[in-house]
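Below is one structure, written out as structure tokens; comments come after it.
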Amino acid sequence: VDFWRGTGASMTPTLLVVYNGAMGEGWFHQSDKLWEDPKLTRFVDPMSLQRIRLTTHLWPDDMYAWEMAGDLRALDDAGVPLQVGAHGQMFGLGFHWEMQLYQQGGFPASRVLELATIGGAIKLGLDDQIGSIEPGKLADLVILDADPRETVENVQRIRYVMKNGWLVSGADASPVWPEEGEAPVPYTERGRGND
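As structure tokens, this is what we get:
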């Protein structure tokens, strides 16, 4: 660990995907009824959600993503730079799950949020532009209904998204400001007479 810390090399683990055991992603597939989630049923292809419903069952003692996250906590405490990654399994949602696994492995929610925001920006060399809310930085952000410092599960409680100066609803992506408008037709419905 001392050698690693001295190199300045960082680590972006993906606890959702492991190739020698139970994947963290499977835990969320079996624990949450994703096929009934209002946002997912609006924005995700129905067949993809049905495949998730047919997941392999994992017992809690089969899951070692939490143990791996505990090992990551030890690396973080020792000064090894970490970031949050998600492997691209379910874009957006997978990143949220990854943060939950970090917290379940012993990271305080506030530290998980740092690793997921400014930690990644530092790794990319873009911390002067993104990764925190400060004057002069790009200001794409989410506005939540709950405090993510209490539990990172609250990052999924998205009320609004600010992107390129537009404020949109977190529920259906309908424009709220600077002009109100209709929600866009989900890509799963385009070309079916709905667009």
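Residue numbers (the working numbering): 12 to 206.
Glycine residues also receive a C-beta, built at the ideal position from the N, C-alpha and C atoms.
All values derive from a computational prediction rather than experimental measurement.
Local conformation of Trp70 per DSSP, three classes: Coil.
Touch test, the segment 168-188 against the segment 139-156, Cβ-Cβ under 8 Å, three pairs minimum: Yes, they touch.
Length-filtered (4 minimum) alpha helix (DSSP H) runs lying within the segment 36-67: Correct list: 49-54 and 57-64.
Identified DSSP bridge partners for Val172: According to DSSP, Val172 bridges with Val153 and Val179.
Residue nearest to Gly99 in terms of C-alpha spacing, selected from Val123, Gln140 and His107: The candidate whose alpha carbon is nearest that of Gly99 is His107.
Euclidean distance between Cα positions of Ile141 and Leu149: Between the alpha carbons of Ile141 and Leu149 lies a gap of roughly 6 Å.
Beta carbon of Gly96 nearer than 7 Å to that of Thr18: It is not a contact, given that the beta carbons lie outside the stated cut-off.
Counterpart residues of Met22 in DSSP-defined beta bridges: Leu93.
Segment contact, 8 Å Cβ cut-off, at least three pairs: the segment 54-68 with the segment 127-138: At 8 Å Cβ cutoff, the stretches do not touch.
Of the residues Pro146, Val187, Leu112 and Glu145, the one placed nearest Thr162, counting alpha carbons only: Of the listed residues, the one whose Cα sits closest to Thr162 is Leu112.
Supposed contact pair Thr199 and Asp56 - C-beta distance, whole angstroms, cut 8 Å: About 5 Å separates the two Cβ atoms, so the contact holds.
Where Val29 sits in the DSSP three-state scheme: In this structure, DSSP gives Val29 a state outside helix and strand, which the three-state scheme calls coil.
Sequence-distant residues of its chain with Cβ nearer than 7 Å to Asp138 (five each side left out): These residues qualify, in order along the chain: Ile129 and Ala132.
Length of the line joining the Cα atoms of Asp183 and Lys50: Their backbone Cα atoms lie some 7 Å apart in a straight line.
Whether Gly117 touches Arg84 by CB criterion (7 Å): Note that the C-beta distance between Gly117 and Arg84 is below 7 Å.
For Val187, the first and last residue of its enclosing beta strand (DSSP E): Unbroken beta strand (DSSP E) run through Val187: Pro186 to Trp188.
Beta-carbon gap between Ser21 and Pro119 smaller than 7 Å: In terms of Cβ geometry, Ser21 and Pro119 do not form a close pair [threshold 7 Å].
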